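A.B. asks: First, the structure itself, so that you have it in front of you.
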Amino acid sequence: MPARAPDSTRAALAPSIAAAYSLAVHTSFHEEEALGKALDVRLLRRLSRYARPYSLAMATAVAALLLSAVLELVGPWLTKIALDQAIPQGNARLLAVLAGLFVASVAAAFALEYVETILSTWVGQRVMYDLRMEVFRHLQRLSLRFFDRNPVGRLLTRVTQDIEALNEMFSTGVVTIVGDVFALSLIVAAMLAMDWELALVTFSVLPLVVLVTAVFRLKARDAYREIRLRLARLNAFLAERTTGMAVVQLFNREGRELARFQELDGAYLRAHLRSIRTYALFFPAVEVLAASAMALIIWHGGRSILEGTATVGVIAAFLQYARRFFRPIQDLTEKYNALQSAMASSERVFKLLDTAPGVKDPERPLALPKPVRGAIEFRDVWFAYNLADTAPPDVPPEWVLKGVSFRVEPGEAVALVGHTGAGKTTAINLLMRFYDIRRGAVLLDGVDVRRMRQSDLRSQIALVLQDIYLFSGTVRENIRMGRDQITDEAIEEAARRVGFDPLVRRLPKGYDQPVGERGSNLSMGERQLLSFARALVSDPPILVLDEATSSVDSEIEARIQAALAELMRGRTTLVIAHRLSTVQHAHRILVLHHGELREEGTHEELLLRGGIYAKLYELQFARTTATAAREA
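Basically my numbering = 1-based index in the sequence shown + 514.
What follows is the structure, encoded as structure tokens:
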């Protein structure tokens, strides 16, 4: 038996974001928490392409940071001159000049740091904006096969959290590293130039600093992973329980769910506390080492003063340099894990951007004949979902459609029926070119759909699904669907023709009424009629109905049937339905069974034939009769 085709159309067009995010967290949190190299040259080179348009701002930020690092050297040097020359000589004028230069250097350093912070943050935000736009643009070009394999929550993470992590790279990451390394180099050079013996004594604590830093990096890396893991599980739980709150309350599970949430929240709290302890130990440890270096300066420098080989000004300058020396070390260590996360995020984002669309427009597309008549033909169509472009060559195909051939004439209404998994929705997916077939051809007005632009093809087809997806916005906006050429008058006329207008008029704000999240303040029937108006307003030559009346009551179904008659008039129509009572008046009925076209004819002809359709009809009729008897 062929594999059940994923209901890709519904999955892609009407997902529950919360549930999908929960699934993504459960199935992919190990990938999300993975950390990469702190600095990956290959990824940095690729990221630099996005920073190139802002190279002037980036260069200015780096220059400001380097100048600020130079100014950091001025204060201690001025202190040395004041203590060794101005004060011993009683030169008040020189002392005033040195004090003024000291204040000026601090003010200039402040201004430069402000400029660097503003520019680097601006560059980071602009790069994130450009990259996020590129990712979303790329997502819209990917075929539904990609969305079958990747949960929506994972893709949301790529567009939001992963790109947000890159802000650290540009705003406080690479620029800060360059500045810190430059500042360290200047401080080391200044100390060696001033007194190389005292400098070596100061640097004697560096092996301990390296050891403490290495231990901190490992501990912080583990703590960061643990926090991400616990947060992923907490988000998954919240998404599931919030989405399924009605079920939680129905089965009186509030107490148990609260206990489970307390357990997950407690684990997340403990992970954060472990991280806090790690940082709480590291920074005091570095402070102790810095204090030790200063003690060594006082001890060795004091002896040098007594021996006459050093001055008080040199010791004072060294004490200030020592304080400045350990600050970049702390910054570099603190940025390490953030840069690791940014590198891992960039790798995941670029992996997404490198994913080629499975369905592409041809290099030389053919235009549809004008006007479009709406003739549809399936010619010996074979298709298997497991035959992806990246599938190993030895994977046997699990055919969902096997040699299916039929033709729908312009203006004809044809129904596709069959058991679940027979291939009905797959046929629609192939007509819309959400997937490409493996053998045969699907033709529209004699043109192979693979030879035309996807936008040209889909603009000729109105697809109405069982699961209606409404976007946040008003009723009017959900009917227009961003098609600016459609006027308000056309929207209201389409609503009148499908019987939706009286229902809209009852709403407090009419066509400007917000529909709520996924249309939560509209009934299923109202959402169905809105989808009909959405389909009718563009006046397409082809209409596809996928289980369009299977989730409404009999009263609203009568209204919908009247709307369908108006919607189908003069259009080529393909109808997918499980309830055979809804397709009895179709011009022809095609019966799919295990991916093959087994029967074809009118309702009466197929009943007289006594085949698969007749058995399906008898089964549904018996079930309907039994249900009516029980209700009576």
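Think of the CB as a built atom: it goes at the ideal place given N, C-alpha and C, for glycine as much as any other residue.
Source: prediction; values computed, not measured.
Since I believe D959 is in contact with L882 (beta carbons under 8 Å), could you give me their beta-carbon distance rounded to a whole number of angstroms?
C.D. replies: Right, their Cβ atoms sit about 6 Å apart.
A.B. asks: Consult DSSP for F765 and reduce its assignment to one of helix, strand or coil.
C.D. replies: In the structure shown, F765 sits in coil (DSSP, three-state: anything other than H, G, I, E or B).
A.B. asks: Does the beta-carbon of K594 have 16 or more other beta-carbons within 10 angstroms, so that it is buried, or is it exposed?
C.D. replies: K594 is buried by the Cβ-count criterion.
A.B. asks: Going by the CB atoms, is the gap between S634 and A575 shorter than 8 Å?
C.D. replies: Yes, the Cβ-Cβ distance between A575 and S634 is below 8 Å.
A.B. asks: Within this structure, are the beta carbons of R967 and D1053 separated by less than 8 Å?
C.D. replies: No, they are not a contact pair.
A.B. asks: Quick one: what's got a C-beta closer than 8 Å to E1006's C-beta in the same chain, skipping five residues either side?
C.D. replies: These residues qualify, in order along the chain: D1015 and Y1025.
A.B. asks: Within 10 Å of its beta-carbon, does N475 have 16 or more other beta-carbons around it, so buried, or fewer, so exposed?
C.D. replies: Here the chain comprises residues numbered 515 to 1146, so residue 475 is not present and cannot be evaluated.
A.B. asks: Taking only the alpha-carbon atoms, compute the straight-line gap between H652 and F661 and give it to the nearest angstrom.
C.D. replies: Straight-line Cα distance between these residues: approximately 13 Å.
A.B. asks: Within a Cβ cutoff of 7 Å, which residues of the same chain sit near Y782, ignoring the five residues on either side of it in sequence?
C.D. replies: The answer, listed in chain order, is R744, L745 and L748.
A.B. asks: Inspect the CB distances between the region 918-929 and the region 880-894 and report whether three or more fall short of 8 Å.
C.D. replies: Yes: at least three Cβ pairs fall under 8 Å.
A.B. asks: Could you tell me whether the Cβ atoms of A1077 and F1046 are closer together than 8 Å?
C.D. replies: Yes, Cβ-Cβ distance for A1077 and F1046 is below 8 Å.
A.B. asks: Pick helix, strand or coil for K916, following the three-state DSSP scheme.
C.D. replies: Reduced to three states, the DSSP call for K916 is strand.
A.B. asks: Assuming R1123 is part of the alpha helix (DSSP H), what are its boundary residues?
C.D. replies: Here the alpha helix (DSSP H) through R1123 covers H1117 to R1123.
A.B. asks: My assumption, with CB atoms under 8 Å, is that G815 sits in contact with V828. Please give the rounded CB distance.
C.D. replies: That pair is a contact at about 7 Å.
A.B. asks: By Cβ distance below 6 Å, which residues in the same chain neighbour L1130 in space, the five residues on each side in sequence not counted?
C.D. replies: Counting only Cβ-Cβ distances below 6 Å, and skipping sequence neighbours, we find nothing.
A.B. asks: From Y899 to V1105, what does the alpha carbon distance come to, in whole angstroms?
C.D. replies: Rounded to the nearest angstrom, the two C-alpha atoms are 21 Å apart.
A.B. asks: Closest to A622 by CA distance: which of Q603, A578 and L901 is it?
C.D. replies: Cα-wise, what sits closest to A622 is A578.
A.B. asks: To which residues does DSSP link I1056 through a beta bridge?
C.D. replies: Answer is I975 and T1086.
A.B. asks: Whole alpha helix (DSSP H) runs in the region 624-683 with 4 or more residues, listed along the chain?
C.D. replies: If we require 4 residues or more, the alpha helix (DSSP H) runs fully inside the region 624-683 come out as 658-663 and 666-671.
A.B. asks: Starting from I942, trace the alpha helix (DSSP H) in both directions and tell me its first and last residue.
C.D. replies: Residues K938 to L945.
A.B. asks: Alpha carbon to alpha carbon, what distance is there between Q854 and N605?
C.D. replies: Distance between the alpha carbons of N605 and Q854: 53 Å.
A.B. asks: Taking the C-alpha atoms as reference points, what is the distance between A1116 and L658?
C.D. replies: The residue asked about is misnamed: residue 1116 is Thr in this sequence, not Ala. One C-alpha to the other measures close to 33 Å.
A.B. asks: Taking the DSSP output, what are the residues bridged to R953?
C.D. replies: Paired residue(s): W896.
A.B. asks: Grouping DSSP H, G and I as helix and E and B as strand, with all else coil, what is A929?
C.D. replies: Reduced to three states, the DSSP call for A929 is strand.
A.B. asks: Within the continuous alpha helix (DSSP H) that includes I1005, where are the two ends?
C.D. replies: Segment D1002 to R1011, the alpha helix (DSSP H) holding I1005.
A.B. asks: Below 8 Å between beta carbons: does that hold for R952 and F892?
C.D. replies: Contact flag unset, no.
A.B. asks: Please state the DSSP three-state secondary structure of R1112.
C.D. replies: R1112: strand per DSSP, three-state reduction.
A.B. asks: In three-state DSSP terms, what is R997?
C.D. replies: The answer is coil: DSSP assigns R997 none of H, G, I, E or B.
A.B. asks: Checking the sheet assignment: what are the DSSP bridge partners for R744?
C.D. replies: Partner(s): none; R744 has no beta bridge.
A.B. asks: Taking Cβ to Cβ, would you say L1088 is nearer than 8 Å to L930?
C.D. replies: Yes, these two residues count as a Cβ contact at 8 Å.
A.B. asks: For P1028, which residues does DSSP report across the bridge?
C.D. replies: DSSP, once it has assigned bridges, lists T988 as partnering P1028.
A.B. asks: Rounded to whole angstroms, what's the CA-CA distance from L656 to I843? Just pull it up for me.
C.D. replies: Near 45 Å, if we compare the C-alpha coordinates of I843 and L656.
A.B. asks: Pick from V649, P721, V689 and T823: whose alpha carbon is nearest that of T671?
C.D. replies: Minimum Cα distance to T671 is reached at V649.
A.B. asks: Compute the distance between the beta-carbons of S860 and L626, then report whether it is under 8 Å.
C.D. replies: No, they are not a contact pair.
A.B. asks: Would you say L1081 and A1049 are within 8 Å of each other, going by their C-beta atoms?
C.D. replies: Yes, these two residues count as a Cβ contact at 8 Å.
A.B. asks: Could you tell me the distance, in whole angstroms, from the CA atom of V502 to the CA atom of Q763?
C.D. replies: This structure gives no information on residue 502, because the portion of the chain shown stretches from 515 to 1146.
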